[in-house]
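Chemist:
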Amino acid sequence: MATYSTDIKFDRHPVRARIASFFASIGQAIIIASESRSRMDQIKALEARSDDELAEMGLKRENIVQHVFRDLCYI
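Residues in the sequence shown are numbered consecutively from 1, following UniProt numbering.
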């Protein structure tokens, strides 16, 4: 005996969903770009410090990038 499913859902506004998805992806790209720039500014500021200043902060020059991106990379 064959059965039929009558609970089929259709998106009533596929164009609206695509437009919303497009703008959401643009928003995500802007957020990523601004976070990246902020992190690069932090790296430049730390690289401008002397080795003694970095040592006072508990950092070595070769660990600056890991320090700035520590919330993203668990190394």
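Glycine residues also receive a C-beta, built at the ideal position from the N, C-alpha and C atoms.
Assuming residue 15 contacts residue 39 under a Cβ cut-off of 8 Å, what Cβ separation, rounded to an integer in Å, is found between them?
Modeler: The pair is not a contact, with the Cβ atoms about 37 Å apart (cut-off 8 Å).
Chemist: Please determine, among 50, 4, 49 and 32, the residue with the shortest C-alpha to C-alpha distance to residue 72.
Modeler: Here the closest residue by C-alpha is 32.
Chemist: Per DSSP, what kind of secondary structure is residue 22 in: helix, strand or coil?
Modeler: In this structure, residue 22 counts as helix in the three-state DSSP scheme.
Chemist: Since residue 47 and residue 64 are thought to touch, with beta carbons under 8 Å apart, how far apart are those beta carbons, to the nearest angstrom?
Modeler: Right, their Cβ atoms sit about 6 Å apart.
Chemist: Report the three-state DSSP secondary structure of residue 60 (helix, strand or coil).
Modeler: Correct three-state label for residue 60: coil.
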